[in-house]
Amino acid sequence: MNIWQRWFSRKKKWEQDMQDELRFHIERQTTANIAAGLPPEEARRQAVLQLGAIEGVKEDCREQRRGFWLESLYADVRYGLRMLLKNWRLTSVAVFSLAVAMAVSVAGLSVFNAVLLRPPAAAAPGRLITIYTRSPAAEFENVSYPDYEYYRDNNHVFSDVAAFPYSVAKYDVSFAGRDEKATINSLSENYFSVLGIRPALGEMFARSDVGKVPAAMLSYSCWKRWGADPAIIGKTLTLRQHVLTIVGVAPRNFPGTVFGFATDVFIPLATAADIFHDAGFLTDRSERGLLLVARLKNDVTQQQARAELQGLSGQLAAAYPQADKNRVAVLTGISALPPDSHATAALISGVLLAIILLVLLIACANIANLLLGLAVGRRQEVLIRVALGATRSRLVRQLLTESAILCAASGIAGFLIALVPLAKLSDFNASLPVLGAFEFAVNFRADGTVLAMTLLLIVIAGLAAGLAPAFHSSKPNLAAAMTGEIAVGGTGKGILRNVLVVIQVAVCTLVMVGVGLCLRSLHNLRKVNPGFTARNLATVMVDLQESGYSEAQGRKFYDKLRDAASRLYGVESFSLAPALPLGGNDWDTEEVRVDGAANESQQDGKIAYTTVDGNYFATLGIPLLAGRTFQSSDMEKSPEVVVVNHKMAETYWPGKDPVGQRMRVANTDRLLTVVGVVGDGKYTDLDEPTRPYMYYDLAQHYQSGIALIIRTRSDPRQWLEPLSQTVRNLGARLILPPAALDEWMRFTLFVPILTLEVVSGLGALALLLAAMGLYGTIFHSVSERKKEIGIRVALGALPSHLLRLFLRQTAIISGLGVLIGLLLGIAATIVFNSQFYGIRSVELRVLIPVALLMVLISMAIAYAAARPWINASPMDAVRHV
Amino acid sequence: MSPAVEILQGTLDLLILKTLALEPMHGWGISQRIQQVSRDILQIQQGSLYPALYRLERKKWIRAEWGASENNRRAKFYTLTKTGRQQLEKELADWKQMSTAVALILQRV
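Taken in order, these protein sequences are the chains called G and P. Numbering of the first sequence is given in this note's numbering, commencing with residue 43 and proceeding in unit increments. Numbering of the second sequence is given in this note's numbering, commencing with residue 482 and proceeding in unit increments.
Structural data, given as structure tokens:
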């Protein structure tokens, strides 16, 4: 006997027993009644009456049987499926819309999870912490190497402390006779042991390696790319003329120390110091380039560690006041992102998630709408069930089961739909225009956390979509339904549906305001005057140090480069400078003291600067406002000269002639003389405020990384190839392939454009879903009134009258939604104002178009939905109820 | 017949347990006993007795067995289990506490 048969026979026996027991009761009572003197017929009748409604008693008993709820759930699910399949058109539309919204939610959650939640691939990540420093001047600063050593060697709370610079760099590496581009991460020798990462092959760096043969480790992906040689341990690679021995291969799930970038080669900090950095890197306490990761000892709490770090910081500050005064080491839990970008990342993903949840809300409203629509056709059914004794809670449970089925189906479909693009995104490699081709490595794939959050979302969606309709539909209006008059005029359901539409329109409007703000902000950024003319500029960059040039050779190379550039056909002017404005880099700053400043507070300042030659301003089209630019008389040994921008002149020498003014570089005896004033510009970001800026003379400050900038007669793309040819002919190594500057500048708009694309996509989805919901609501509410329409037409109403009637009603409902959405939009603008550029709190240029668009769309939908009913023949409408 | 009183919500369980504490009994017997002992003041809604018995059985406070009734018919007899006895003691204590409290209030006011 299988389990089903056994179950059924047991159920049958239970039923039989229950019936027997009740029969015995009646018999016994009858006997008692006869004994009391009643005639047999009457005695039996009384006995049955005393027991009460026998079928109801049986039902009550059955409900107490074990497994009853499971059976009734099974019945509910079966019944719900049947109802949904019967209305398969509406069902599939609703499931589709919720599935799409769910897919987007799953994608959003996965990104959120990958960026903010998922701990790094380390053993017991809960015991790992990140350490950075804070000083009065800066909220987030890194740690210098000597300070790192001090923290590492003098604490009692960590089992070990590792350090790494939060940066990657791309270099030429030769391996097995081939030249490869490789992304390099440097890290302290103990990094892998602190994180508890076991190598896939070979071994990790060891502290004892310091000072011995320079070692390197490969990442798993790099090892694969280079041929997956199982005997790679002990082989060597060459990086900038340094021979490194490969000691191990990192495991597959460890992409590198910098979030989002796949590393190829790991090298110890000491080796990196030899190869890349100047002599001060390991000794200078003000060269702060390291982020620290530490593992807490077993019995130590974060509180204790924090106190210990404060103590150590105090000791450092006392011993080295120049570098470490008022500097405190701060610890936070470990995460994939560096501590200074945490808040921003949380804000951005929070906003993104909020928008996604709003879209989900619209989709839930669609489901609720569908359920209400179904309920209209089921009034009779509900009525009969109530008449047969179904309780309210039983009906609600039945109806909730249906919404649960819908949401579960949509959720599962959405989850599956999302897996594909997430896998694609995780394998996505892109090259950044400025930084060159980097392999991106973020695993966006959904994991257990995402699955759990999705299940939670399904439950929330099921309740959000199902609860209100279930309560609503389970409250049958017996009197109205019996008379059949419910088909005329509005019902309570009309109100609930209208509320749903208002919510949908409001949320959709809010999302559209978001799209509008992104669009407007981007537009404003595009209109910003960067202070120079980016058109027809091309540039190529070389690294003279990497090419093996000394400073004297490098200066000779400058002349050769200028000579070659002047002979290039179609080059109108050219200049040499180490970097370009808006190229995605931050500028160094110099602390200056201004002689004879307007007031005390203006005396000191940290000024961002770059180093350029005399042709720079003419080549980039930066206007010279006063004085002169650099000239051949400014030489290495002659007094140091600077050109300042207008803002700086205005700030430090208001009302005076800035030309000829002097300032001192703090903590040195260098004296700077202003020789010229040039126009203001944007230097790092397009949305930065105008700030003081100054230019040193390249002739007085040699730069080993140098860019040749040319202004061309026409499309600069035609000069890229000749440009790189010229430089290669001179025997120098290109850092980056040549690029046109306007393309390069597009990178500064990378984030706003990406944001706009994402938000627009979500906006389009919100609009589509809301439109579907609106159409369904109007279609249904008009169809409910077809009897009324028929009567009106019979009484002489024209289709245009009816149309006006329905359009007016839609206008009121959606107008209310738009209004609420606009108010929410204004609130959102105020909250997120700092994320946009040139946006006012009440940005009418966004709000008005959005409002018009939303009203227009809803009117068009109302027209489309109401039209078929209005044109129906009145006879049909009246008869066909 | 004296005027009958409806049994308070929730006290039916207590009455059933107390009745079964004396000896195993079938459903009809329980209803008769409660009525007799309360001198016909308490009248059980016979329809609600059986669901209550099934509920108590599911909670394992009482156990059911088929046996022969006093007039030699097949009847289902209920017996108090060990946990049922514990539950009875607990509910009795609760009831006493509650009725004392109510009585106090009623005397005061």
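For every residue, glycine included, the Cβ atom is placed at its ideal position computed from N, Cα and C. Remember, predicted model here, so these are calculated numbers, not experimental data.
Task: Bridge partners - ILE173(G), DSSP secondary structure assignment - done: DSSP, once it has assigned bridges, lists LEU334(G) and LEU373(G) as partnering ILE173(G).
- [ ] Would you please verify whether the beta carbon of GLY531(G) is less than 8 Å from any beta carbon of chain P?
- [x] Below a pLDDT of 50, predicted positions are generally treated as unreliable, and GLY531(G), at 38, falls in that range; no measurement from the model is reported.
- [ ] Would you mind stating whether SER452(G) and ALA141(G) have Cβ atoms separated by less than 8 Å?
- [x] ALA141(G) is positioned such that its CB atom lies closer than 8 Å to that of SER452(G).
Open item on the list: By alpha-carbon positions, which one of GLY702(G), THR693(G) and VAL716(G) ends up nearest to VAL684(G)?
Closed with: That would be VAL716(G), whose Cα lies nearest to the Cα of VAL684(G).
Open item on the list: For the region 529-545 of chain P, list every residue whose C-beta sits within 7 Å of some C-beta in chain G, in sequence order.
Closed with: Within the region 529-545 of chain P, the residues whose Cβ lies closer than 7 Å to some Cβ of chain G are TYR531, PRO532, TYR535, ARG536 and ARG539, listed in chain order.
- [ ] Give a yes or no on whether the minimum CB-CB distance between GLY508(P) and chain G is below 8 Å.
- [x] So, interface residue.
TODO: Can you give me, in chain order, the residues of the region 554-575 of chain P that have a beta carbon less than 9 Å from any beta carbon in chain G?
DONE: Look at the region 554-575 of chain P: the residues with a C-beta under 9 Å from a C-beta of chain G are ARG554, ARG555, ALA556 and LYS557.
TODO: Please list the segments of the alpha helix (DSSP H) lying wholly inside the region 529-571 of chain G, counting only runs of 4 or more residues, in order along the chain.
DONE: Complete alpha helix (DSSP H) runs here, min 4: 534-569.
Task: Proximal residues of chain G, C-beta to C-beta of GLN516(P) below 7 Å - done: By Cβ distance, chain G contributes nothing, its closest Cβ being about 11 Å from GLN516(P), past 7 Å.
TODO: Run down chain G in chain order and give the residues with a C-beta less than 7 Å from the C-beta of GLN526(P).
DONE: Ordered by position in chain G, the residues that pass the 7 Å Cβ test against GLN526(P) are GLY94.
Open item on the list: Less than 8 Å between the beta carbons of ALA607(G) and PHE616(G), yes or no?
Closed with: Yes, the pair counts as a contact, with Cβ atoms nearer than the cut-off.
Open item on the list: When you compare the CB positions of VAL185(G) and ILE173(G), do they come within less than 8 Å of one another, or not?
Closed with: The answer is yes: Cβ separation under 8 Å.
Open item on the list: For LEU750(G) and THR581(G), which I take to be in contact (beta-carbon distance under 8 Å), what is that distance rounded to the nearest angstrom?
Closed with: About 7 Å separates the beta carbons of LEU750(G) and THR581(G), which is inside the 8 Å limit, making them a contact pair.
Open item on the list: Does the CB of HIS10(G) have a neighbour CB from chain P at under 8 Å?
Closed with: Limits of chain G in this structure are 43 at one end and 923 at the other, which puts residue 10(G) out of reach.
- [ ] Determine which residues share a DSSP beta bridge with SER228(G) and list them.
- [x] In the DSSP assignment, SER228(G) forms a beta bridge with ILE309(G).
- [ ] Tell me, please, whether the region 524-535 of chain P touches the region 492-510 of chain P by the rule of three or more beta-carbon pairs shorter than 8 Å.
- [x] With the rule of 3 Cβ pairs closer than 8 Å, the region 524-535 of chain P counts as touching the region 492-510 of chain P.
Task: Secondary structure of GLY290(G), DSSP reduced to three states - done: Looking at GLY290(G) - three-state DSSP - the assignment turns out to be strand.
Open item on the list: I need the DSSP call for HIS198(G), collapsed to helix, strand or coil.
Closed with: In the structure shown, HIS198(G) sits in coil (DSSP, three-state: anything other than H, G, I, E or B).
Task: ASN657(G) versus VAL701(G) - alpha carbon distance - done: Each residue's Cα considered, the two are about 19 Å apart.
TODO: Give the residues of chain C in contact with GLN71(G), contact being defined as C-beta atoms less than 7 Å apart.
DONE: The structure shown contains no chain C; its protein chains are G and P.
Task: Chain-ordered neighbours of GLN106(G) on chain P, where CB pairs are closer than 7 Å - done: Around GLN106(G), the beta-carbon contacts reaching into chain P at under 7 Å are PRO532, TYR535, ARG536 and ARG539.
Open item on the list: Would ILE76(G) and VAL90(G) qualify as a contact pair, given that the criterion is a beta-carbon distance under 8 Å?
Closed with: Contact flag unset, no.
TODO: Answer with buried or exposed for ASP575(P), where buried requires no fewer than 16 other C-beta atoms within 10 angstroms of its C-beta.
DONE: Burial is judged here by how many other beta carbons sit within 10 angstroms of a residue's own beta carbon; ASP575(P) has fewer than 16 and is exposed.
Task: The beta strand (DSSP E) enclosing ALA870(G), as first and last residue numbers - done: Here ALA870(G) belongs to no beta strand (DSSP E); instead the alpha helix (DSSP H) covers 841-873.
- [ ] Whole angstroms is fine: what's the gap from LEU667(G)'s alpha carbon to LEU579(G)'s?
- [x] Straight-line measurement puts the Cα of LEU579(G) at about 22 Å from the Cα of LEU667(G).
Open item on the list: Is the beta carbon of SER230(G) closer than 8 Å to that of LEU311(G)?
Closed with: Between LEU311(G) and SER230(G), the CB-CB gap stays under 8 Å.
- [ ] Consider the Cβ of LYS55(G): report whether some Cβ of chain P lies at a distance smaller than 8 Å.
- [x] Under the Cβ criterion of 8 Å, LYS55(G) is not counted among the residues facing chain P.
- [ ] Can you give me the Cβ contacts of VAL530(G) inside the same chain, cut-off strictly under 7 Å, excluding the 5 residues immediately before and after it?
- [x] Its pLDDT being 37, under 50, VAL530(G) is placed unreliably by the model, and the measurement read from it follows with that caveat. So the qualifying residues of the chain are LYS829 and GLU830.
- [ ] Return helix, strand or coil for LYS212(G), following the three-state DSSP convention.
- [x] LYS212(G) falls in the strand class under three-state DSSP.
- [ ] Taking CYS103(G) as the query, report the chain P residues whose CB atoms sit under 8 Å from its CB, ordered along the chain.
- [x] Residues of chain P passing the Cβ test: TYR531, PRO532 and TYR535.
Open item on the list: Could you check whether GLU423(G) and LEU126(G) sit closer than 8 Å to each other, using their CB atoms as the reference points?
Closed with: Contact: no.
Open item on the list: Suppose you measure from the CA of PRO297(G) to the CA of SER261(G); what does that come to, to the nearest Å?
Closed with: A direct Cα-Cα distance of roughly 7 Å separates PRO297(G) from SER261(G).
TODO: Please state if the CB of VAL888(G) and the CB of GLY669(G) are separated by a distance shorter than 8 Å.
DONE: No; because the gap between Cβ atoms is not below 8 Å, this pair is not in contact.
Task: PHE792(G) - containing alpha helix (DSSP H), residue span - done: For PHE792(G), the uninterrupted alpha helix (DSSP H) segment begins and ends at 792-826.
Open item on the list: Using beta carbons (cut-off 8 Å, strictly below), is GLY109(G) in contact with chain P?
Closed with: The C-beta of GLY109(G) comes no closer than 8 Å to any C-beta of chain P.
TODO: Could you name the residues that DSSP lists as bridge partners for ALA304(G)?
DONE: Its beta-bridge partners do not exist; DSSP assigns none.
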